[in-house]
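Data first, discussion second: the structure below is written as structure tokens.
Here it is, written out as structure tokens:
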């Protein structure tokens, strides 16, 4: 485990953690067996075991990323978010039936502040609105309005939440 005492640019490789050119905020805890590449992780976050976060990802402050999660290029996560165990983000939808020919064709995902994503959800390139809850095992294929609860495959809005500060 690594506990970051001050904001720093970190490059570390040992038998348990691979971190290459990441920026990590103070108070963030990174558990063993992770791969973190050229990403930004805010203050007071927790990154669980067996997580992979690739280049170009930005994670806000006070986020919890549970074990076995994969966050690919072009994902932005806001502040105060929870990402459950085994969540998978994708940036290439194989729109033409095959992988994109260039990373320039990958699409962006934005997770706004105060979002909770349940275990084993799959998040395609979408915008998830502030305060929303994504049910465990859901496949999110389109944008989620703020303060919504979605679940299913494909995920559908099942109710609205009262906004909170």
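Numbering (my numbering), first residue to last: 418 to 582.
Cβ atoms here follow ideal geometry from the backbone N, Cα and C, with glycine treated the same way.
- Taking the CA atoms as reference points, residue 473 sits about 6 Å from residue 455.
- Taking the Cα of residue 570 as reference, the smallest distance to any Cα among 544, 483 and 537 is reached at 537.
- Within the same chain, Cβ atoms closer than 6 Å to the Cβ of residue 562 are found at 546, the five residues on either side in sequence being excluded.
- Pairing residue 523 with residue 489, the inter-Cα distance amounts to about 10 Å.
- In the DSSP assignment, residue 453 falls within the unbroken beta strand (DSSP E) covering 451-454.
- Pairing residue 438 with residue 469, the inter-Cα distance amounts to about 14 Å.
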